[in-house]
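S.K.: This is the structure I want to talk about, given as structure tokens.
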Amino acid sequence: MVGKLHSLESFGTVDGPGIRLVVFLKGCPMRCAYCHNPDTWTMEGAKDITVDRIMEEYEKKKPFYKEGGITVTGGEPLMQLDFITELFTEAHKRKIHTCLDTSGAPFKPDDPEYLEKIDKLLEVTDLVMLDIKHIDPKKHKELTKRPNDNILKFAEYLNEKDVTIWIRHVVVPGITDDEESLLDLGRFIGKLKNVKALDALPYHDMGKTKYEQLGIEYPLEDVEPATKEQAMEARETILKGFKESRLELKKQAQEAKKAQVEEETKETEEAKEAEEAQESEEQ
Numbered sequence: 000m001v002g003k004l005h006s007l008e009s010f011g012t013v014d015g016p017g018i019r020l021v022v023f024l025k026g027c028p029m030r031c032a033y034c035h036n037p038d039t040w041t042m043e044g045a046k047d048i049t050v051d052r053i054m055e056e057y058e059k060k061k062p063f064y065k066e067g068g069i070t071v072t073g074g075e076p077l078m079q080l081d082f083i084t085e086l087f088t089e090a091h092k093r094k095i096h097t098c099l100d101t102s103g104a105p106f107k108p109d110d111p112e113y114l115e116k117i118d119k120l121l122e123v124t125d126l127v128m129l130d131i132k133h134i135d136p137k138k139h140k141e142l143t144k145r146p147n148d149n150i151l152k153f154a155e156y157l158n159e160k161d162v163t164i165w166i167r168h169v170v171v172p173g174i175t176d177d178e179e180s181l182l183d184l185g186r187f188i189g190k191l192k193n194v195k196a197l198d199a200l201p202y203h204d205m206g207k208t209k210y211e212q213l214g215i216e217y218p219l220e221d222v223e224p225a226t227k228e229q230a231m232e233a234r235e236t237i238l239k240g241f242k243e244s245r246l247e248l249k250k251q252a253q254e255a256k257k258a259q260v261e262e263e264t265k266e267t268e269e270a271k272e273a274e275e276a277q278e279s280e281e282q
């Protein structure tokens, strides 16, 4: 099988644990206003690559990847679902850690055939880095030109399948950093038991030159890059919502346990009363 490649990065350090071989695939259904890789949107200019070729690149620098592995990103890697499944299957045969960096945009929750394919991929995926662009449906569509309902369902599906999740959120001043949306994002991910990390990434405009080269107007021309302090503040707000959600889940679990104990106690008492009544009748 042949994949449509944008590029390979040999020493990725921000794309999952350890040092990683990062595979950038072509094709993406979203048009995020802050995207720094607009040259990955379409298949135009894609280079054909095979799983064997990627493994050759991995083996060349294998000692460096001891605590890392392979990350597939894009573009949107789920646009090439069959290819990354083949790649991750081979990686697992070689005991290589696999990471999928995705927006979840292509997820089809109501398509049984698609879900069957996704399940095969998740069986050989050690980590999913899920980039949630915006929790608010309207603002998400304004930002990416796509709805987010299936993306949030993908997050829930990953949780059901017991897949480890790292959440990523790009902090764009005035667009993705309003307090209520950040709290809502935290409340949402707080319901997912398999979320193990949260990255709030400051927006940068280093991809602006690519837009110029492609003859595309840069959507955020008047937006200043976010500072590390702004990103840290946003992360704290998300975590506040996260903790609220976790506390609520804990409260619900305690109430459910209490109700169960009360029900069991009631059943025991009723059984005892019935037994005593029967003994009384026999006498």
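Going by numbering that gives the first Met the number 0, the sequence shown opens with residue 0, and the numbers climb by one from there.
Glycine included, every Cβ here is placed at the ideal spot set by N, Cα and C.
As the structure is a prediction and not an experimental result, all values here were calculated from the model.
(1) Grab me the residues of residue 8's own chain with a C-beta within less than 6 Å of its C-beta, minus the 5 sequence neighbours each way, in chain order.
(2) Residues in the same chain with beta-carbon distance under 6 Å from residue 127, minus the five sequence neighbours each way, listed in chain order, please.
(3) Classify residue 26 as helix, strand or coil using the three-state DSSP reduction.
(4) Spatial neighbours of residue 209 within its chain, please: CB distance less than 8 Å, with the 5 preceding and 5 following residues excluded, ordered by chain position.
(5) Is it the case that the stretch 68-88 contacts the stretch 38-54, given that we only count it when at least three CB pairs across the two stretches are under 8 Å?
(6) Please identify the residue among 204, 250, 51 and 153 whose C-alpha is closest to the C-alpha of residue 114.
(7) Please state the DSSP three-state secondary structure of residue 283.
(8) Can you tell me where the beta strand (DSSP E) holding residue 199 begins and where it ends?
(9) May I ask you to report which of helix, strand or coil DSSP gives residue 124?
(10) In angstroms, rounded to a whole number, what distance separates the CA positions of residue 33 and residue 218?
(11) Could you tell me which residues DSSP puts in a beta bridge with residue 5?
(12) Under a three-way DSSP split, which group does residue 283 fall into?
(13) Note down the Cα distance separating residue 10 from residue 57, rounded to an integer number of angstroms.
(14) Just list the alpha helix (DSSP H) runs in the stretch 125-192, keeping only unbroken ones of 4 residues or longer that don't cross its boundaries, in chain order.
(15) Straight-line CA distance for residue 44 to residue 5?
(16) For residue 173, collect the residues of the same chain with a Cβ closer than 8 Å to its Cβ; drop the 5 residues on either side in sequence, then sort them by chain order.
(17) Check whether the Cβ atoms of residue 79 and residue 17 sit closer than 8 Å, and answer yes or no.
(18) How far does the beta strand (DSSP E) with residue 70 in it reach, from first residue to last?
(19) Could you have a look at residue 222 and say whether DSSP puts it in helix, strand or coil?
(20) Could you name each continuous beta strand (DSSP E) segment of 3 residues or more that falls completely within the stretch 32-61, going from the start of the chain to the end?
M.R.: Taking the structure as given:
(1) 21
(2) 99, 157, 162 and 164
(3) coil
(4) 35, 36, 37 and 38
(5) yes
(6) 153
(7) This structure cannot settle anything about residue 283, because the visible part of the chain is limited to 0 through 282.
(8) 194-201
(9) coil
(10) 7 Å
(11) Paired residue(s): none; residue 5 is not in a bridge.
(12) The chain is shown from 0 up to 282; residue 283 falls before or after that span and cannot be answered.
(13) 10 Å
(14) 136-143, 148-159 and 178-188
(15) 8 Å
(16) 222
(17) no
(18) 68-72
(19) coil
(20) 46-49
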